């Protein structure tokens, strides 16, 4: 039953302004209700396996109190059956049909169709020909795109948004998927007009932007368990960074780039990712670490399996280092993991019950230890410190993610060095220069967060007994030191952030009004360069001094196999030596470094005076020792002279704060 309801809302004193309405005191809203009964079928549920990533339908079984786990979990999947079971290859009795809404711009429809149909590659080895179909909604269609009888890829107009989601509806008893829709924001493709500073506002839209590594409440985390997906938000940021860099290269003599091909690949990956969700697949944030740099830009490799082992990862734009041959920009095909996950969910199995399928399904899932089938999902890739596995990460790439971020930061510096060549043209507006400049910070934010996860990290595998690996393996100490060295050089180092005054003085703000008159909401007319840099630096700092990470570092010292370790003392010493290096070298302390030193000093004083619940006592004593060492070095540096006024005032205040903190801390400990 399909019902349209027109609701009329009125208010003499509306509490908010809605810029797309002529008058916010009154508006009409149309709701479409699609009511249906559960379909009757001979669908057989399939038991899920935690080694492979599927959405599940679950219930508790009260027929036996002897089971270790009371839950029964079924894979969410469509009811696919061969029309001719005796043939190796057969069309399905009822294919999965997606309709392209007639609101999708014609120039994007082929890419949308490609992103849908690419999944047929995974069904063909299972004996299905044309398991998925893509059809175009006619312009004169009499059915509504919200009709539950149609699976529709929709193009939604919502100014300023760039989301994409792929929800589905399932039978709550069996996990059978009977309806799915994909909603794409019309502004997704033209997202590059936003400034990066709008994404890292003082409140912070995401933990990765704000530097907040505090675990959310259970209610806040529920979005992930219900299929939360914000890939489009990050993918459009990746597209903005990558496209502007390619434009800057072209202006500097690097050759022309094909904008249509860039956008085509972008849309194909986005649609394929969301279709994967509608087929029952969860995210796989370990997919992006299978290829070396040369393989990433070798089309003989990527045409077969893409730049990642899974389109269900959040894969970044794949831009080649300067002077290197460019390959695919995005994941436009399925990776090895995608074939594996589809095989588990959809391979026809001769059995008379879900339990009798177990043996055959276990043969599929037991391949979990193969490198190309690595799997980690939302709860494994948490930004906050409960996330322990650095290989389960969003927006990383390559078999060496630390090297990837080193190259990404080189790309940022390349963008900044060429930005004026392309975006400072006579007659053009300086606001474009400001927007493009801001996108250069994205690799810093992403790299500072993801690389910091190697320190105190533990590789987590979902293997069952006999699959070949222990479930937990500490990140080798040498790898943790490499991560710290990366952060010291590119985030904390005295030469990490440098721009010419001339460039900074060209970063003009937007003065045009928009629907929301946001020009009045801009907190800084000039570019907030110190705020952005400090936000990048706080991201790893907040993580390193979090009680959960400090406790894990303490425990890890008991778990390394061999003489080499990496513990709290290594972290504290490494950070102190890097952040307060001027006390050893005798150099003046610039404004970026003074801000960084104050931020770390605040962390150390907090550990001494008011450590958060769960902080190990060893962390408090190491913080006190750091403060004593810094105070002694400051004393010697002040006596040595040769300081500029800023540096002297900064060190003098720092010494006073340390003295007060140590005195108060001693009274507290007594």
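Residue numbers (the working numbering): 252 to 921.
Yeah, the Cβ is synthetic: ideal placement off N, Cα and C, and Gly gets one too.
No experiment lies behind these values; they were computed from the predicted model shown.
query                                                                                                                                     : result
Candidates 899, 857, 363, 852, of which the one nearest residue 881 by Cα                                                                 : 852
Expected contact under 8 angstroms - CB spacing of residue 666 and residue 495 to nearest Å                                               : 7 angstroms
Boundaries of the alpha helix (DSSP H) in which residue 362 is found, first to last residue                                               : 357 to 368
Limits of the unbroken alpha helix (DSSP H) element including residue 887                                                                 : 868 to 891
Rounded C-alpha distance that separates residue 824 from residue 806                                                                      : 18 angstroms
Nonlocal neighbours in the same chain, by C-beta distance under 6 angstroms from residue 287, ignoring five residues either side          : 399
Bounding residues of the beta strand (DSSP E) (the contiguous stretch that carries residue 402)                                           : 402 to 407
Per-residue burial, residue 702 [other beta carbons within 10 Å of its own, 16 or more giving buried]                                     : buried
Supposed contact pair residue 847 and residue 748 - C-beta distance, whole angstroms, cut 8 angstroms                                     : Contact flag wrong, Cβ pair sits at about 10 angstroms.
Pairwise C-alpha distance: residue 630 and residue 306                                                                                    : 13 angstroms
Inter-residue Cα distance where the pair is residue 457 and residue 317                                                                   : A caution first: residue 457 carries a pLDDT of 35, below 50, which makes its placement in the model too unreliable to give a value.
Status (buried if at least 16 other CB within 10 Å, exposed otherwise) for residue 334                                                    : exposed
Length of the line joining the Cα atoms of residue 579 and residue 594                                                                    : 26 angstroms
Cα-Cα separation between residue 428 and residue 417, rounded to whole angstroms                                                          : 13 angstroms
Reference residue 431; option with closest CA among 898, 259, 419, 439                                                                    : 419
Residue 387 in three-state terms, based on DSSP                                                                                           : strand
Opening and closing residue of the alpha helix (DSSP H) in which residue 778 lies                                                         : It is not in any alpha helix (DSSP H) - residue 778 carries neither H nor E in the DSSP assignment.
Paired residues, beta bridge with residue 350 - DSSP                                                                                      : 386, 403
Residue environment, residue 267, which counts as buried when at least 16 other CB atoms sit within 10 Å                                  : exposed
Beta-carbon proximity check, residue 303 vs residue 591, cutoff 8 angstroms                                                               : yes
Cβ-Cβ distance between residue 526 and residue 706 below 8 angstroms                                                                      : no
Distance between residue 857 and residue 873 (C-alpha atoms, nearest Å)                                                                   : 12 angstroms
Boundaries of the beta strand (DSSP E) in which residue 598 is found, first to last residue                                               : Taken as a continuous stretch (DSSP letters only), residue 598 belongs to no beta strand (DSSP E), as it is neither H nor E.
Chain-order list of residues whose beta-carbon lies under 8 angstroms from that of residue 577 (same chain, five-residue window excluded) : 548, 570, 571
When 283, 789, 386, 586 are compared against residue 349, the one with the closest alpha-carbon                                           : 386
Contact between the segment 543 to 563 and the segment 497 to 514 (3+ Cβ pairs under 8 angstroms)                                         : no
Beta-carbon spacing of residue 535, residue 597 below 8 angstroms                                                                         : no
Rounded straight-line distance, which links the Cα of residue 373 to that of residue 718                                                  : 24 angstroms
Nearest-angstrom Cα separation, counted from residue 340 out to residue 377                                                               : 8 angstroms
Residue 711: first and last residue of the uninterrupted beta strand (DSSP E) it sits in                                                  : 709 to 711
Straight-line gap, residue 731 to residue 821 (C-alpha atoms, nearest Å)                                                                  : 10 angstroms
Limits of the unbroken alpha helix (DSSP H) element including residue 235                                                                 : Since the first and last residues shown for the chain are 252 and 921, residue 235 lies out of range.
Helix, strand or coil at residue 263 [DSSP, three-state]                                                                                  : coil
Residue 435 in three-state terms, based on DSSP                                                                                           : strand
Residue 324 - partner residues in DSSP beta bridges                                                                                       : 309
Inter-residue CB distance, residue 723 and residue 715 (contact presumed, cutoff 8 angstroms)                                             : No, residue 723 and residue 715 are not in contact; Cβ-Cβ is about 14 angstroms, not under 8 angstroms.
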